[in-house]
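Enquirer: First the structure, which I've put down as structure tokens, then a few questions once you've had a look.
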Amino acid sequence: MTIFNLGSINADLFYALPHMPSPGETIAAASLERGLGGKGANMSVAAARAASRVVHMGAVGANGGWAVERLLEYGVDTRHIVQVEADTGHAIILVDQAGENTIIIHHGANHAIPEDLLGRALSESETGDTLLFQNETLLQPEAAAMARKLGMRVAYAAAPFDAEAARALLPLTDLLVLNEIEMEQLKSASGQDLREMAVPTVIVTEGAAGGRLHRVETGWEAERFSSPEVKAVDTTGAGDTFTGYLVAGLDRGMPLRQAVALASQAAALMVTRHGTADVIPDLRDVQDARFG
Numbered sequence: 001m002t003i004f005n006l007g008s009i010n011a012d013l014f015y016a017l018p019h020m021p022s023p024g025e026t027i028a029a030a031s032l033e034r035g036l037g038g039k040g041a042n043m044s045v046a047a048a049r050a051a052s053r054v055v056h057m058g059a060v061g062a063n064g065g066w067a068v069e070r071l072l073e074y075g076v077d078t079r080h081i082v083q084v085e086a087d088t089g090h091a092i093i094l095v096d097q098a099g100e101n102t103i104i105i106h107h108g109a110n111h112a113i114p115e116d117l118l119g120r121a122l123s124e125s126e127t128g129d130t131l132l133f134q135n136e137t138l139l140q141p142e143a144a145a146m147a148r149k150l151g152m153r154v155a156y157a158a159a160p161f162d163a164e165a166a167r168a169l170l171p172l173t174d175l176l177v178l179n180e181i182e183m184e185q186l187k188s189a190s191g192q193d194l195r196e197m198a199v200p201t202v203i204v205t206e207g208a209a210g211g212r213l214h215r216v217e218t219g220w221e222a223e224r225f226s227s228p229e230v231k232a233v234d235t236t237g238a239g240d241t242f243t244g245y246l247v248a249g250l251d252r253g254m255p256l257r258q259a260v261a262l263a264s265q266a267a268a269l270m271v272t273r274h275g276t277a278d279v280i281p282d283l284r285d286v287q288d289a290r291f292g
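Next comes the structure, spelled out in structure tokens:
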């Protein structure tokens, strides 16, 4: 099976800070590093490193060739990444000494993906393949509608949260992944509870506390799952790692709870590392990890 990911590709610029700046404060960074990122690229790398076949659908500018090459190195099929006139997307990531982060995103080429790319890429899909997307690109409703007609499973990571996008996409979604803050934002924006949203499977992550899953066969009652206890140094990309591993596990036929457990372990290992796509653990790293 194959995961087709309609996703962002960013240059991530990491600034290590002693603390997050207050309004009006000027603060010196201890270091600056550039890496591959974007929620889409992170999820593609995570799913590929979790042993799934991943086709990335996206765009970069003339200055983004290095990002495409790096995705290819990490095992992602890059044939459906196109070059557009807009600059490659980028993110400014501030990380404090506790590992917490603040992120500023410039969409750039991620909002210039041509619509005809969807048809070219998804024409290669088979029934039972997965379409994955986030909220850092456009064309999600078009892609989801196309995927449904092709018999694909639709997985939606509703981040960064966008109320209009969520309302349009919930009826087309089979698997919804979001954190607890985004879940509350979604309930407020939609005026619906989980039963009214009627998404078959919903995963709500809660950081170090683990999270909960809700599924139609249990009436969307919360089922708790835990996260391994680790010392976090950088939480950037942990949610993307979780989603990529989760979708890959399901793509490979794992039962939901087993896929969630694998994803939780991968995310826990991720927060012990500085960086985003470039440091996402591979499957052997996760399987060999010793927690607690």
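Numbering (UniProt numbering), first residue to last: 1 to 292. Even glycine gets a Cβ: it sits at the ideal position worked out from N, Cα and C.
1) Does DSSP put F161 in a helix, a strand or coil?
2) Using a 10 Å radius around the Cβ and a threshold of 16 neighbouring Cβ atoms, would you call T137 buried or exposed?
3) Run the proximity test for L13: is its beta-carbon closer than 7 angstroms to any non-hydrogen atom belonging to the ligand SAM?
4) Is the CB-CB distance between I203 and G211 below 8 angstroms?
5) Take P281 and list the residues in its own chain whose beta-carbon comes closer than 8 angstroms to its own, dropping the five residues that flank it on each side.
6) Can you tell me whether DSSP reads Y245 as helix, strand or coil?
7) What's the C-alpha gap between E85 and H107?
8) Look up D12 in the DSSP assignment and say whether it is helix, strand or coil.
9) Is the beta carbon of H90 closer than 8 angstroms to that of H56?
10) Do S125 and F14 count as a contact pair if the criterion is CB distance below 8 angstroms?
11) Going by DSSP, name the residue or residues bridged to E223.
12) Ends of the beta strand (DSSP E) at Q83?
13) Nearest to I93 by CA position, among Q258, A155, G237, V286, is which residue?
14) Out of V260, L256, L139, G128, state which residue places its alpha-carbon closest to the alpha-carbon of L6.
15) Run through DSSP, which three-state label would T2 get?
16) Quick one: is S123 buried, meaning 16 or more other Cβ sit within 10 Å of its Cβ, or exposed?
17) May I ask you to verify whether the stretch 182-191 touches the stretch 150-168, counting CB pairs closer than 8 angstroms and requiring at least 3?
18) Inspect the beta-carbon positions of L178 and R153 and report whether they are closer than 8 angstroms.
19) Just how far apart, CA to CA, sit P255 and P160?
20) Going by Cα to Cα distance, which pick from T88, Q258, S226, K231 is closest to A62?
21) Quick one: what does DSSP say M183 is sitting in, helix, strand or coil?
22) Assign L32 to one of three DSSP states: helix, strand, or coil.
23) Leaving out five residues before and five after A144 in sequence, what residues of the same chain have Cβ atoms less than 8 angstroms from its Cβ?
24) Residues in its own chain within less than 8 angstroms of A47 by CB, not counting five upstream and five downstream?
25) Residues in the same chain with beta-carbon distance under 7 angstroms from E142, minus the five sequence neighbours each way, listed in chain order, please.
26) Does DSSP put V230 in a helix, a strand or coil?
27) In the DSSP assignment, find the alpha helix (DSSP H) that holds L122 and state where it starts and stops.
28) What would DSSP say about L175, mapped onto helix, strand or coil?
29) In whole angstroms, what separates the C-alpha of V82 from that of G75?
Expert: By the coordinates alone:
1) coil
2) buried
3) Of ligands this structure carries none, so the ligand SAM is not represented either.
4) yes
5) R49, T241, A266, L269, M270, R273, A289
6) helix
7) 13 angstroms
8) strand
9) no
10) no
11) L213
12) 77-83
13) G237
14) L139
15) strand
16) exposed
17) yes
18) no
19) 27 angstroms
20) T88
21) helix
22) strand
23) L131, F133, V154, Y156, L169, L172, T173
24) I3, N5, V54, L132, G244, Y245, V247, A248, D251
25) E115, L118
26) coil
27) 116-122
28) strand
29) 18 angstroms
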